[in-house]
Amino acid sequence: MSLAFGALLPWLSGPREYAALRRAERLSLPALQRLQAERLARLLMQARDEVPYYRDLLPPVNVIATDPVAALLSLPILDKHTIRREGERLCSERPRPGLRRNTSGGSTGEPATFYQDTAYRRWGRATKALFDAWTGYRPGHRKAVLWAASRDLTAGRGVRRLAERMKNRTLLNAYCMDPATMDAHLEQLRAAPPAQLQVYAESGHELARHALRRGIRIQGIGSVLSSAGTLFPDMRDTIEEAFSAPVFNRYGSREVGDMACECERHRGLHVNPLTQFLEILDDEGRPAPPGTPGRVVVTSLTNHSMPLLRYAIGDLASWSRETCDCGREWPLLEGVWGRVTDHLRGANGAVVFGGWLRQLLYPEDWIGQYQWVQHAEDHLRLRLIPADNRSDSEREQSLRERLEPAIHQQLGASTRLDIERVGTIPPSASGKHLHVISELRENRR
């Protein structure tokens, strides 16, 4: 039943939308740009007509029709503070069918409420089906999902379990990543290797590290799809080694759905031009050149009930300097470098990617789980759980002696380092196990 049902999933998700995405894979860049501009123009005209917040901000309809991209770029950046302040003024006075409330994960400390309709969800499901196909996964084949958001795991449990069985999908709870739970997950994957293993990036990395410490390598998994977190190169290598499968990186959010994904060539992440208009801006609000990280600003082209126009999603990414030889001429991201709150600001004025802190711990095989927290520009804390659960003050003192010179050089000589051995490291409100957290106010604007 699962294979028969699963084979219909792309069509049950939205036959017109899925077919449109498949056609768009073969379009030339000029054709894609024209199609995207048409979709953007319709959205902006509707927003000007129906959404109180945009009524006075958008230019006249004839100006939008002439150059919808310029009309979009004339708008101010939309942030979560504005969304909370404006509330219903950001919603259409003529909402589309199937309106539902959703919230962001709140990893920046500022969750916000959004409303999404049936058409938005159909495009979202079609996009997921397309990105799944890029990984080699076929609907109805076995899938395992290492997921962490408790609201997703517990909502409507009976109905959820039935739906998962029909999809031939198994949910593995990543909210609790203790050794016993991870052992159980590995045994389940070994006994029934899925065609696709979908993971939160950091939870998948923790599970892979645990497998390698146990001397376990899972065979038979078709591919690993990583999402909901920053996938650094070393994390990819560890996951591929433990699960003997290629890793595909997918980028998305609750607010606007899936935005981009790697194809089979792994040359970057292709942005879906039918569902998103993506900008990457520097600190002055100017387009960042390829290869230069900047803030992601996204316009969802599919939510007409609550249009999000130039929404600052809180992530950093960069455009690729290269093109992909897969034949798809979709915009290509070089990489997504994490949340704004994943980055550090030193007492010496330096801005440092959180991945640098992760690299400092590469030689420390005895560390099981860890989390860096920046409390102030001159105060950094490392929370850690030893893999062997053994207290060893000499080991921790040796770690401090190795870390402090590097931290002082990078972030300033006045930076204080605290190392704290803890029993547990709780996940974030959205269920993600975050390796780096900045509590600085300027990182939360």
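Just remember that our numbering sits 4 ahead of the position in the sequence shown, which is counted from 1.
Yeah, the Cβ is synthetic: ideal placement off N, Cα and C, and Gly gets one too.
Practice problem: Go through its chain and collect everything with a Cβ distance to L201's Cβ below 6 Å, but skip five positions before and after it. | Solution: Spatial neighbours of L201 in its own chain (CB-CB distance under 6 Å, excluding positions within 5 residues in sequence) are listed in chain order as A148, I225 and V228.
Exercise. Look at A205 and M239 and say whether their C-beta atoms are less than 8 Å apart.
Key: The Cβ atoms of A205 and M239 lie closer than 8 Å to each other.
Quiz prompt | DSSP state of Y119 mapped onto helix, strand, coil | solution = Three-state result, Y119: strand.
Quiz item: Do you know offhand how far L337's Cα is from Q120's?
Solution: Answer to the nearest angstrom: the Cα atoms are 26 Å apart.
Practice problem: Give me the Cα-Cα distance between L216 and R387, rounded to the nearest whole angstrom. | Solution: Rounded to the nearest angstrom, the two C-alpha atoms are 22 Å apart.
Exercise. Please name the residue or residues paired with W151 in a DSSP beta bridge.
Key: DSSP lists N177 as partners of W151.
Quiz item: Where does F135 sit, in a helix, a strand or coil, going by DSSP?
Solution: The three-state reading of DSSP puts F135 in helix, counting H, G and I together.
Self-check item: N66 versus A24: straight-line alpha-carbon distance, rounded
Solution: Distance between the alpha carbons of N66 and A24: 27 Å.
Quiz prompt | Residue interval of the beta strand (DSSP E) (run including Y22) | solution = For Y22, no beta strand (DSSP E) segment is defined; the enclosing uninterrupted segment is the alpha helix (DSSP H) at P19 to A28.
Quiz item: Which one or two residues does DSSP pair with H274 in a beta bridge?
Solution: In DSSP, H274 forms a bridge with C265 and L336.
Quiz prompt | Nonlocal neighbours in the same chain, by C-beta distance under 7 Å from M49, ignoring five residues either side | solution = Around M49: V65 and I68.
Quiz item: With DSSP run on the structure shown, which of helix, strand or coil describes G226?
Solution: DSSP, read as helix, strand or coil, puts G226 in coil.
Quiz prompt | For E424, the three-state DSSP class (helix, strand or coil) | solution = Three-state result, E424: strand.
Quiz item: Taking the C-alpha atoms as reference points, what is the distance between T70 and D262?
Solution: If you draw a straight line from the Cα of T70 to the Cα of D262, it comes to about 29 Å.
Practice problem: Taking the CB atoms as reference points, tell me whether A41 and P72 lie closer together than 8 Å. | Solution: Here A41 is near P72, since their CB atoms are less than 8 Å apart.
Practice problem: Spell out the partners DSSP gives R299 in its beta bridges. | Solution: In the DSSP assignment, the residues bridged to R299 are L285 and L320.
Self-check item: Three-state class that DSSP yields for P291 in the structure shown
Solution: The answer is strand: DSSP assigns P291 an E or B state.
Exercise. Measure the alpha-carbon distance for L150 versus M186 and round it to whole angstroms.
Key: As the crow flies, the alpha-carbon of L150 is around 10 Å from that of M186.
Quiz item: What residue range is occupied by the uninterrupted beta strand (DSSP E) comprising G372?
Solution: Boundaries of the beta strand (DSSP E) harbouring G372: I371 to A380, taken from the DSSP string.
Quiz prompt | Selected residue, minimal CA-CA separation from W127, among E54, N276 and P183 | solution = With respect to the C-alpha of W127, the residue from E54, N276 and P183 having the closest C-alpha is N276.
Self-check item: Where T428 falls, given that 16 or more other Cβ within 10 Å makes a residue buried
Solution: When all chains shown are included, T428 counts as exposed.
Quiz item: Taking just the CA atoms, how far does A133 sit from E266?
Solution: Answer to the nearest angstrom: the Cα atoms are 14 Å apart.
Quiz item: Under a three-way DSSP split, which group does S397 fall into?
Solution: Collapsing the DSSP output to three states places S397 in a helix.
Self-check item: Touching by the beta-carbon criterion (3+ pairs, under 8 Å), the stretch 307-317 and the stretch 365-375
Solution: The stretch 307-317 makes no contact with the stretch 365-375, as fewer than three CB pairs between them are under 8 Å.
Self-check item: Whole-angstrom distance between I441 and S111, CA atom to CA atom
Solution: In this prediction, S111 has a pLDDT of 48, which is less than 50 and means its spatial position is unreliable; what the coordinates show is noted afterwards. In this model, S111 and I441 are separated by some 9 Å (Cα to Cα).
Self-check item: Bridge partners - T107, DSSP secondary structure assignment
Solution: According to DSSP, T107 shares a beta bridge with T117.
Quiz prompt | Distance, Q378 Cα to L421 Cα | solution = Approximately 10 Å, taken between the alpha carbons.
Quiz item: What is the rounded straight-line gap between the Cα of V340 and the Cα of A137?
Solution: In this structure, the alpha-carbon of V340 lies about 21 Å from that of A137.
Practice problem: With a threshold of 16 other CB atoms inside 10 Å of the CB of Q509, please say whether the residue is buried or exposed. | Solution: In this structure the chain extends from 5 to 449, so residue 509 is not present and cannot be described.
Quiz item: When you compare each of E424, L403, E333 and L348 to L36 by their alpha carbons, which one comes out closest?
Solution: Here the closest residue by C-alpha is E333.
Exercise. Name the two residues that bound the continuous beta strand (DSSP E) containing I389.
Key: Its beta strand (DSSP E) spans residues H383 to P390.
Quiz prompt | A159 in three-state terms, based on DSSP | solution = In this prediction, A159 scores a pLDDT of 49, lower than 50, which makes its location untrustworthy; the coordinate-derived value is nonetheless stated afterwards. Three-state result, A159: coil.
Quiz item: Roughly how many angstroms lie between the CA atoms of G233 and D319, to the nearest whole one?
Solution: Distance between the alpha carbons of G233 and D319 is about 10 Å.
Exercise. For the alpha helix (DSSP H) holding G208, just list the boundary residues, first then last.
Key: Per DSSP, G208 is one residue of the alpha helix (DSSP H) stretching across A205 to R217.
Quiz item: Hey, L94 and Y57: beta-carbon distance below 8 Å or not?
Solution: Yes, these two residues count as a Cβ contact at 8 Å.
Quiz item: Does the beta-carbon of H189 have 16 or more other beta-carbons within 10 angstroms, so that it is buried, or is it exposed?
Solution: When all chains shown are included, H189 counts as buried.
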